[in-house]
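K.L.:
When we follow numbering that gives the first Met the number 0, the leftmost residue of the first sequence carries the number 0, and every step to the right adds one.
Got a structure for you, questions after.
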Amino acid sequence: MNKRIEEGYFSDDALNIAPKLIGNYLVRRFDDNTLFKSKITEVEVYRGEDDLACHASKGKTKRTKVMYDKGGKVYVYLIYGMYWLLNITTGKIDEPQAILIRGTEQISGPGRIGRELKLDASFYGENIYTSNRIWVEYGETPPLDKIITTPRIGIDYAGEFWANIPWRWLLKNDKTI
DNA sequence: ACAAAGATCCGT
DNA sequence: CGGATCTTTGTA
């Protein structure tokens with residue numbers, strides 16, 4: 000049993016948290032009480048209103064408001080009418096940021112994560128510290144040279160600068176890539 | 001009120 | 001490479 004990540008962990012800047020998150024465990028308890036636990040292997044940062052790939056670039060709306068709250072909330076949204084993408088918000092109040100969980104040891108791809116974890120709109124705003132159905136536990140920090148960064152995936156619309164900024168972290172040689 | 005596009009995945 | 005599928009957002 001690993002230690003659950005405690006209050007305050009996600010109040011730091013997303014760029015500091017993202018690399019630390021690799022190697023930690025994403026945990027989901029389903030309605031039938033079964034547990035799913037898998038090591039996080041791939042994340043992306045979406046950070047601030049200036050970041051044209053971040054939904055907060057549209058300002059504070061019904062959809063983005065959770066990112067303006069204190070870090071440590073679940074931000075889920077439906078993409079392409081089919082897939083619930085899982086983010087964890089970071090930063091202080093009025094610092095709209097989120098970290099997209101793109102992959103774990105057993106699940107490759109953000110859309111598949113939402114499907115396997117049976118996420119839906121009811122998870123919007125869920126407290127990652129206190130929820131009894133989704134949380135994060137400390138894992139083993141991999142060696143620094145095993146973590147690589149690349150530009151984010153699927154955001155060419157955000158313009159050359161934001162599309163190329165290396166805000167994706169992933170485990171090198173991971174089978175799920 | 002309507003049209004367009006999207007932080008994806010799957011089958012062809 | 002195109003279809004699935006529906007919410008959010010921009011424009012009128």
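Quick reminder that beta carbons are idealized off the backbone N, C-alpha and C, glycines included.
(1) Report yes if the CB atom of residue 92 is closer than 8 Å to the CB atom of residue 123, and no otherwise.
(2) Looking only at C-alpha atoms, which of 120, 50, 19 sits nearest to residue 154?
(3) Alpha carbon to alpha carbon, how far is residue 102 from residue 141? Give it in angstroms, no decimals.
(4) Below 8 Å between beta carbons: does that hold for residue 63 and residue 52?
(5) Helix, strand or coil, according to DSSP, for residue 17 in the structure here?
(6) Among the candidates 125, 149, 38, 89, whose CA atom is the shortest distance from the CA of residue 182?
(7) Buried or exposed: where does residue 23 fall if 16 or more other Cβ atoms within 10 Å of its Cβ makes it buried?
(8) Rounded to the nearest angstrom, what separates residue 100 and residue 32 at their Cα positions?
(9) Tell me the DSSP bridge mates of residue 97?
(10) Quick one: Cα of residue 132 to Cα of residue 171, how far?
(11) Among the candidates 95, 28, 41, 29, whose CA atom is the shortest distance from the CA of residue 59?
P.N.:
According to the structure data:
(1) In this structure, residue 123 does not lie closer than 8 Å to residue 92 by Cβ.
(2) Ranking the options by Cα distance to residue 154, first place goes to 50.
(3) Residue 141 and residue 102: Cα-Cα distance of roughly 16 Å.
(4) By the CB criterion at 8 Å, residue 63 and residue 52 fall outside the cutoff.
(5) Residue 17 falls in the helix class under three-state DSSP.
(6) Coverage of the chain is limited to positions 0 through 176, which leaves residue 182 absent and any answer about it impossible.
(7) Buried: at least 16 other Cβ atoms inside 10 Å.
(8) Note on geometry: alpha-carbon atoms of residue 100 and residue 32 lie some 23 Å from one another.
(9) Its beta-bridge partners are 45, 88.
(10) Rounded to the nearest angstrom, the two C-alpha atoms are 30 Å apart.
(11) Comparing Cα positions, the closest option is 95.
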